[in-house]
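Per this note's numbering: the sequence shown ends with 957, consecutive numbering throughout.
Ideal placement from N, C-alpha and C gives every residue a C-beta, glycine not left out.
Bear in mind the structure is a predicted one, so any value in this text is a computation, not a measurement.
Beneath this line is the structure, given in structure tokens, with notes to follow.
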Amino acid sequence: MKREGQQWYACFSVECQPKPLPALGNAIGIDVGLESFAALSNGKYIPNPRWYRAAEAKLRRAQRKVARRKKGSHRRRKAVALLQKVHARIWRLRNEFQHIESFKLIRDFGILVIEQLNVKGLAGGMLSKAVQDVGWASFFSKMAYKAESAGRTLIKVNPAGTSQTCLCGRSVRKLLSDRVHVCMECGLVAPRDIVSAQVILQRARIGPSNRNVGEVMPCVV
Ligand SMILES: [Zn+2]
């Protein structure tokens with residue numbers, strides 16, 4: 737039993753038998769991002785859920801309320817209780833969203849390629865990015881156990897420079913504000929996050945054991 741905010745929870749651990757899905761030979765690269773929840777190497781996006789922006793704004797308001805009130809006061813305790821409630825609601829919504837989206841990916845693809853996240857890098861200056869990474873880590877762990885249960889292959893690749901490289905191997909420097917990838921070498925012009933997802937997919941095939949797995953799908957612009 738545990739208590740979070742005003743709520744009590746009963747937690748269970750359950751051992752499940754694996755439930756293999758019919759085998760699939762296709763592969764997908766997945767790039768988690770800020771603008772959309774994820775970009776896929778087949779040119780599609782998983783958009784952020786509709787409740788996301790409103791919930792973030794509500795969270796910021798609740799945080800400011802706590803900060804404004806005097807420490808130890810009754811009014812501050814009330815504000816903290818509200819903040820916990822907002823946090824708990826976002827956690828539930830996000831968790832549900834992650835379960836649904838990870839399930840769909842596992843159902844539709846035989847081989848799934850993601851980036852190795854650096855969740856320990858919290859000490860650096862990019863705090864908000866690191867906090868995001870924690871959210872993605874929980875998404876990836878859902879993918880990992882669902883993949884194992886379904887008999888799918890999940891591959892984690894080196895994340896270094898996936899947003900700054902072209903499929904042809906040439907380095908294509910981009911600022912965070914540059915949304916389109918333009919390669920002078922091979923002429924590829926495509927949305928940046930889609931190219932990143934394709935680079936992630938490509939990296940999984942560098943090792944000899946992963947060669948000839950799937951195809952890089954044409955990008956829909
Ligand atoms: Zn290129």
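Beta carbon of residue i nearer than 9 Å to that of residue j
i           : j           : result
residue 761 : residue 846 : yes
residue 848 : residue 883 : yes
residue 790 : residue 815 : no
residue 785 : residue 887 : no
Host beta strand (DSSP E) of residue i (start-end)
i           : result
residue 848 : 847-851
residue 738 : 738-740
Residue i to residue j span [Cα, whole Å]
i           : j           : result
residue 937 : residue 890 : 11 Å
residue 802 : residue 822 : 13 Å
residue 861 : residue 752 : Because residue 861 sits at a pLDDT of 49, beneath the cut-off of 50, its placement in the model cannot be relied upon, and the following sentence gives the value as read from the coordinates. For residue 861 and residue 752, the distance between alpha carbons rounds to 41 Å.
residue 806 : residue 828 : 30 Å
residue 915 : residue 749 : 43 Å
residue 812 : residue 787 : 27 Å
residue 925 : residue 843 : 30 Å
residue 776 : residue 809 : 49 Å
residue 770 : residue 852 : 17 Å
residue 737 : residue 918 : 54 Å
residue 885 : residue 838 : 13 Å
Delimiting residues of the alpha helix (DSSP H) encompassing residue i
i           : result
residue 827 : 810-844
residue 790 : 788-804
residue 937 : 928-939
Exposure label - residue i; buried when at least 16 CB within 10 Å
i           : result
residue 834 : buried
residue 758 : exposed
residue 930 : buried
residue 927 : buried
residue 872 : buried
residue 905 : exposed
Cβ-heavy atom distance, residue i to ligand 3, below 8 Å
i           : result
residue 757 : Ligand 3 is not among the ligands present in this structure, which contains only ligand 1.
Residue i at chain B interface by Cβ criterion, 9 Å
i           : result
residue 906 : As a matter of chain content, chain B is missing from the structure shown, which is built from one protein chain.
(message) Below 8 Å, how does it come out for the segment 792-799 and the segment 874-881: are there three or more Cβ pairs, yes or no?
(response) no
(message) I want to know whether the segment 924-941 touches the segment 893-912 - three or more CB-CB distances under 8 Å.
(response) yes
(message) Count Cβ pairs between the segment 909-919 and the segment 811-820 that sit closer than 8 Å; are there 3 or more?
(response) no
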